[in-house]
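First residue of the sequence shown: -17, per the numbering used here; consecutive thereafter. First comes the structure, then the notes that go with it.
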Amino acid sequence: MNRIFYVKSVGAMFPIKSKNGEEIMKRNVVLATWECRSGDSGPYAAEQAFAVDLIGERAENCALQEGQYIVANLTFATREYNGSYFGDVRLVKYVAMNP
-17 MNRIFYVKSV GAMFPIKSKN GEEIMKRNVV LATWECRSGD SGPYAAEQAF
33 AVDLIGERAE NCALQEGQYI VANLTFATRE YNGSYFGDVR LVKYVAMNP
């Protein structure tokens, strides 16, 4: 999905263990956009937010700031862990927009 988003939240970095036991940094970012929905009174705009985890160098080099507008590509996947499935939103690439 390619879309214009605004950065709703940029979390602090914190350490996690990788699959091979190494300590790496992780940061959570919330990106939001507006989408058109239909209701009993007709169409309206509603915020749609996506939580994205940045890991390793992407977390450490993250230059996103709250309130900033970006054009971004998100992909959606599932992953399995111990027989349970989880949704995974990935920030593939982005570019900052100039006001």
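Backbone N, C-alpha and C fix where the C-beta goes; we use that ideal spot for every residue, glycine too.
Between the C-alpha atoms of Asn10 and Met79 there is a straight-line separation of about 21 Å. By the Cβ-count criterion, Val34 is buried, with 16 or more other Cβ atoms from all chains shown falling within 10 Å of its own Cβ.
Its chain contains Trp16, Glu17, Cys18 and Arg19 as the residues whose beta carbon lies nearer than 8 Å to that of Ala27, once the 5 sequence neighbours on both sides are disregarded; these appear in chain order. Here Val74 is exposed, its C-beta having fewer than 16 other C-beta atoms within 10 Å.
Bridge partners of Asn10 according to DSSP: Asp35.
In the structure shown, the three-state DSSP call for Ala41 is helix. Sequence-distant partners of Ala41 (beyond 5 residues in either direction) whose C-beta falls short of 7 Å from its own C-beta, in its chain, are Met(-5), Met7, Lys8 and Arg9. DSSP places Asn80 outside both helix and strand once states are collapsed to three, so it counts as coil.
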